[in-house]
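Novice: Sharing a structure, written as structure tokens. Questions coming.
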Amino acid sequence: MWGSWQGFSQPLNLTHDTLRELLDGGQSFRWRTVPGDSCWQGVFGHNLVQVRLEGNREVEFRIREGYGSVREVEAYFAINFDWAACQDALPWRSDPHLENCMKAFPGLRILRQPFGETLFSFICSTARQIVQIKQCCETVAERFGESLGCGTHAWPDWKVLSEIPEKELRACKLGYRARYISETATILTADSGFEKKLLASPVRDAKSMLMSLPGVGAKVADCVLLFGAGKLEAFPVDTWIKKSISRVYGLDDSNPTGMARFGRIHFGKAAGLAQQFLFAWERSQP
DNA sequence: AGGCAGGTGGCCA
DNA sequence: TGGCCACCTGCC
């Protein structure tokens, strides 16, 4: 049984394009459209949630009874954060391309996803496309995660994953990433304070902590910091951002480190939000 | 039918 | 540091 549809305590007004980009644009890999219902259904933590857009463009959600809470859903959508001020602080006044991107996806924000599953999904993301990343997240959850009803499953935590033979993970379409997942699971299960320590650390230190894990390089670390740890200054440089930055700002696309430095300086403390706008625009180009 | 994909780690100059 | 290549596997 589903709870009733409701709006957020701070209304979230988005276009269909922005909502799609928010839920299915590469921040999270666990949302899908529900065939007859014209809404999105997603899983995070032990929440099973549906989201839809009303005529006035206000986002509404409902929670599967027994599987989630309003508090967690609002935390996930980062409702209690001043996104308007954050957007306004970006250098769009002096950067016409950024301004275009922001106009194309008005209201786009950064989800605040649970740390563990964010790390997991971005370790799975290397050298793959979104469809495949979604598939392996789905498969691992189906096989090892708790059932939440409607055929959905929660992400199994690191402890559960640490006990699964690498071979079985490989069978979940993980490929060579299975070893990374296995080893990371062992490390994080042994170090129960990792997440707490990371959240309390400045970005630079938090990034080093992440990069000490197998399968986590600069790009994956930045994604985890941005989408799963609330560090908005993290600036992931992937192939899309490389394209964008080299074409628009004239930087050498063979130097991702330089691009990350540029991003941090040019876009400021919410560089990660700017990144998301550029990313969304770039991907929407034919 | 094969190359390639939202990278990383390891090795070499 | 900077450049190259193997690594799995499924999709276009």
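First residue of the first sequence? That's 39 in the working numbering, and the numbers climb one at a time after it. Beta carbons: idealized from backbone N, C-alpha and C, even for Gly.
Report the rounded CA-to-CA distance for LEU157 versus GLY266, giving the unit in angstroms.
Specialist: Here residue 157 refers to the residue found at position 119 of the first sequence. Here residue 266 refers to the residue found at position 228 of the first sequence. CA-CA distance, LEU157 to GLY266, rounds to 7 Å.
Novice: Taking the C-alpha atoms as reference points, what is the distance between GLY288 and PRO144?
Specialist: Along the first sequence, read from residue 1 onward, the residue named residue 288 stands at position 250. Along the first sequence, read from residue 1 onward, the residue named residue 144 stands at position 106. Those two C-alpha atoms are separated by around 26 Å.
Novice: Buried or exposed, going by whether 16 or more other CB atoms sit within 10 Å of the CB of LYS269?
Specialist: The sequence position of residue 269 within the first sequence is 231, counting from 1. Flag for LYS269 reads buried.
Novice: Return the Cβ separation of ARG68 and PHE82 in integer angstroms, given the expectation that the two are a contact with Cβ distance under 8 Å.
Specialist: For the purposes of this step, residue 68 is taken as residue 30 along the first sequence, with counting starting at 1. For the purposes of this step, residue 82 is taken as residue 44 along the first sequence, with counting starting at 1. About 7 Å; that satisfies the 8 Å criterion.
Novice: In this structure, what does DSSP give as the bridge partners for LEU86?
Specialist: As a first step, residue 86 is located in the first sequence; it is residue number 48 there, counting from the start. VAL81, per the DSSP bridge assignment.
Novice: Verify whether the separation of the beta carbon atoms of ARG100 and TRP43 is less than 9 Å.
Specialist: Taking the first residue of the first sequence as position 1, residue 100 is located at position 62. Taking the first residue of the first sequence as position 1, residue 43 is located at position 5. Their beta carbons are under 9 Å apart, which means ARG100 touches TRP43 by this criterion.
Novice: For GLU98, which residues does DSSP report across the bridge?
Specialist: Working through the first sequence from its first residue, we reach residue 98 at position 60. Looking at the DSSP assignment, GLU98 forms a beta bridge with GLY45, ARG90.
Novice: Find out if the Cβ-Cβ distance for the pair ILE225, CYS162 is shorter than 9 Å.
Specialist: Counted from its first residue, the first sequence places residue 225 at position 187. Counted from its first residue, the first sequence places residue 162 at position 124. The answer is no: Cβ separation not under 9 Å.
Novice: Helix, strand or coil for GLY187? Go by DSSP, reduced to three states.
Specialist: Counting from one through the first sequence, the residue named residue 187 turns up at place 149. GLY187: strand per DSSP, three-state reduction.
Novice: Just to confirm, are PRO240 and ASP260 a CB contact at a threshold of 9 Å?
Specialist: To locate residue 240, count along the first sequence from 1; it is residue 202. To locate residue 260, count along the first sequence from 1; it is residue 222. It is not a contact, given that the beta carbons lie outside the stated cut-off.
Novice: Measure the C-alpha to C-alpha separation of LEU50 and ASN293 and round it to an integer number of angstroms.
Specialist: Taking the first sequence and counting its residues from 1, the one referred to as residue 50 is at position 12. Taking the first sequence and counting its residues from 1, the one referred to as residue 293 is at position 255. So the two alpha carbons sit approximately 37 Å from each other.
Novice: Report all residues from its chain with a CB closer than 7 Å to the CB of GLU190; omit the five preceding and five following residues, and keep chain order.
Specialist: Reading the first sequence from its first residue, position 152 is the one you call residue 190. Rather than Glu, the amino acid found at residue 190 in this sequence is Thr. Closer than 7 Å at the Cβ level, and outside the excluded window around THR190, lie VAL81, LEU86.
Novice: Would you tell me roughly how many angstroms separate the C-alpha atoms of MET297 and PRO324, rounded to the nearest one?
Specialist: Locating residue 297 in the first sequence gives position 259, where the first residue counts as 1. Locating residue 324 in the first sequence gives position 286, where the first residue counts as 1. Approximately 24 Å, taken between the alpha carbons.
Novice: Can you give me the C-alpha to C-alpha distance between TRP40 and GLU92, rounded to a whole angstrom?
Specialist: If you number the first sequence from 1, residue 40 lands on position 2. If you number the first sequence from 1, residue 92 lands on position 54. Taking the straight line from one Cα to the other gives about 18 Å.
Novice: With distance defined between alpha-carbon atoms, name the residue in LYS235, GLN313, ARG58 nearest to CYS77.
Specialist: As a working note, residue 77 is residue 39 in the first sequence. Closest option to CYS77, Cα to Cα, is ARG58.
Novice: Which residues mark the beginning and the end of the beta strand (DSSP E) in which VAL275 is found?
Specialist: Numbered from its first residue, the first sequence carries residue 275 at position 237. Taken as a continuous stretch (DSSP letters only), VAL275 belongs to no beta strand (DSSP E), as it is neither H nor E.
Novice: Applying the 10 Å Cβ sphere with the 16-neighbour rule, what's the burial state of ALA122?
Specialist: The sequence position of residue 122 within the first sequence is 84, counting from 1. Exposed, by the Cβ-count rule.
Novice: Measuring straight from C-alpha to C-alpha, what distance separates GLN79 and ASP290?
Specialist: As a first step, residue 79 is located in the first sequence; it is residue number 41 there, counting from the start. As a first step, residue 290 is located in the first sequence; it is residue number 252 there, counting from the start. Their Cα atoms are separated by approximately 40 Å.
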